[in-house]
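Residue numbers (UniProt numbering): 1 to 338. Report on the structure given below.
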């Protein structure tokens, strides 16, 4: 049996389908999914913005995907629905918080305590009817401030160029700039800078300061300045060049000759006096090479006598207190009665 529809009804169906298709296409052309590039400092908080404008479509779900250093595959990790709210996929991570508004078609997330493992690309997907899925990608870039330090190389008086100190900016992203402000020293010192980049994207930059350790250069104050995009302001580390020397007596002989004794790999200090203050260096070598070691000794005059006197006083007090305790408790009496 064949069913015949009136021509007017058929035309109405075609017209309605055309209108539905027109509005669907028009809605896709006018709606906008808004996101943006995000930069955050390690340990801080990142806001991942995502919302839809210029559409009256019904929103049924918001889905978040990520492709990061820790998760190199682009996988779903959060879904947001009007009834269930935020739901984690493939493991919970309470650092993420939904700070958007579903009714306003806002899927913004907040990520606290950001780490290098979180750096990567985040995709926000809106499931709309009748437009379908609409998405945008939000790149997250991380800044890592460096750990900064200055190390004294403890130079001794001499006529050849040696390393005075090193200034280090460790583990920064992007690489930090390290430079020395040497003031009046001018060409009496020189610097070299080396950088090492690691697999996690961080870089350690070391600037070394060289010069001839003379008495004239001793005591000069200089500065190491560290700057970079990961620092809110330049960091300045003050440093004073200290050139160490070994004192000699009136005969021109080292005071150490009568105060120390060398026994193989051991150096014995025969008398603890302030004359022994200074930098001690040793060298160990074999067929494969050699290594140097350094130890700075500082002895304050009278320290040994004061320490022994204090020890004897404390010992006397402890013995006296113990005797008084036994006397008061009657244990001495019971002991002698036995």
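Heads up, the beta-carbon is just placed ideally off N, CA and C, and yes, glycines get one too.
**Prompt:** Which ranges would you report for the alpha helix (DSSP H) in the stretch 109-144 if only whole runs of at least 4 residues count?
**Reply:** The qualifying runs do not exist here; there are none.
**Message:** With H, G and I counted as helix, E and B as strand and the rest as coil, what does DSSP make of residue 259?
**Reply:** In this structure, residue 259 counts as coil in the three-state DSSP scheme.
**Request:** Give a yes or no on whether the C-beta atoms belonging to residue 48 and residue 123 are separated by under 8 Å.
**Result:** Note that the C-beta distance between residue 48 and residue 123 is not below 8 Å.
**Prompt:** For residue 164 versus residue 219, is the C-beta distance shorter than 8 Å?
**Reply:** Their beta carbons are not under 8 Å apart, which means residue 164 does not touch residue 219 by this criterion.
**Item:** Separation of residue 209 from residue 248, as counted between CA atoms
**Value:** Note that residue 248 scores 47 on pLDDT, short of 50, meaning its location in the model is unreliable; the coordinates nonetheless yield the value given after this. Roughly 29 Å separates the two Cα atoms.
**Item:** Residue from 32, 112, 261, 153 whose Cα sits closest to the Cα of residue 134
**Value:** When each option's Cα is compared against that of residue 134, the closest is 32.
**Request:** Specify whether the stretch 36-48 and the stretch 109-129 touch according to this definition: at least 3 beta carbon pairs, one from each stretch, less than 8 Å apart.
**Result:** Yes: the two stretches touch, three or more of their Cβ pairs being nearer than 8 Å.
**Prompt:** Does the ligand ATP have even one heavy atom less than 7 Å from the beta-carbon of residue 32?
**Reply:** Among the components modelled here there is no ligand, and therefore nothing to report on the ligand ATP.
**Item:** Three-way DSSP call (helix, strand, coil) for residue 344 in this model
**Value:** The question about residue 344 has no answer here: the residues shown for the chain are numbered 1 through 338.
**Asked** Any contact of the stretch 73-88 with the stretch 138-152, i.e. 3+ C-beta pairs under 8 Å?
**Response** The stretch 73-88 and the stretch 138-152 do not touch, with fewer than 3 CB-CB distances between them shorter than 8 Å.
**Request:** Could you pull the start and end residues of the beta strand (DSSP E) that residue 165 belongs to?
**Result:** 162-172 is the span of the beta strand (DSSP E), which, as asked, contains residue 165.
**Item:** Secondary structure of residue 204, DSSP reduced to three states
**Value:** Here DSSP, grouped into helix, strand and coil, assigns residue 204 to strand.
**Prompt:** Taking one C-beta from the stretch 174-184 and one from the stretch 81-90 each time, how about it: are there three or more such pairs within less than 8 Å?
**Reply:** The count of Cβ pairs closer than 8 Å, one atom from the stretch 174-184 and one from the stretch 81-90, stays below three, leaving the stretches out of contact.
**Message:** Considering only their Cβ atoms, is the gap separating residue 145 from residue 231 smaller than 8 Å?
**Reply:** Result yes, Cβ atoms of residue 231 and residue 145 sit closer than 8 Å.
**Message:** So the candidates are 67, 69, 96; which of them puts its Cα closest to the Cα of residue 80?
**Reply:** Comparing alpha-carbon positions, the option among 67, 69, 96 lying closest to residue 80 turns out to be 96.
**Request:** Indicate whether residue 243 and residue 276 have their beta-carbon atoms separated by less than 8 Å.
**Result:** Against a cut-off of 8 Å, the Cβ pair of residue 276 and residue 243 comes out as no contact.
**Asked** What number of angstroms, rounded off, separates the C-alpha of residue 116 from the C-alpha of residue 52?
**Response** Going from the Cα of residue 116 to the Cα of residue 52 covers about 29 Å.
**Prompt:** Roughly how many angstroms lie between the CA atoms of residue 98 and residue 237, to the nearest whole one?
**Reply:** So the alpha carbons of these two residues sit roughly 42 Å apart.
**Prompt:** In chain order, what residues of the same chain lie with their CB nearer than 7 Å to the CB of residue 171, ignoring the 5 residues before and after it?
**Reply:** Within the same chain, residue 171 has close Cβ partners 144, 146, 147, 202, 204.
**Request:** Answer with buried or exposed for residue 70, where buried requires no fewer than 16 other C-beta atoms within 10 angstroms of its C-beta.
**Result:** Exposed, because fewer than 16 other Cβ atoms sit within 10 Å of the Cβ of residue 70.
**Message:** Run through the DSSP bridge pairs and tell me what residue 182 is partnered with.
**Reply:** Answer is none; residue 182 lacks a bridge partner.
**Request:** Pick helix, strand or coil for residue 214, following the three-state DSSP scheme.
**Result:** Residue state, collapsed to three classes: coil.
**Given residue 185 as reference, the closest of 101, 126, 221 once Cα atoms are compared** = Closest option to residue 185, Cα to Cα, is 221.
**Message:** Taking the alpha carbon of residue 197 as the reference point, which residue from 39, 216, 173 has its own alpha carbon closest?
**Reply:** The residue with the shortest Cα to Cα distance from residue 197 is 173.
**Request:** Out of 59, 217, 167, 215, state which residue places its alpha-carbon closest to the alpha-carbon of residue 344.
**Result:** No answer is possible for residue 344: it lies beyond the span of the chain, which begins at 1 and ends at 338.
**Message:** Tell me which residues share the same chain as residue 34 and place their Cβ nearer than 8 Å to its Cβ, disregarding the 5 neighbours each side in the sequence.
**Reply:** Taking residue 34 as the centre and dropping the five residues before and after it, the same chain places the C-beta of 49, 50, 51, 52, 53, 136 closer than 8 Å to its C-beta, in chain order.
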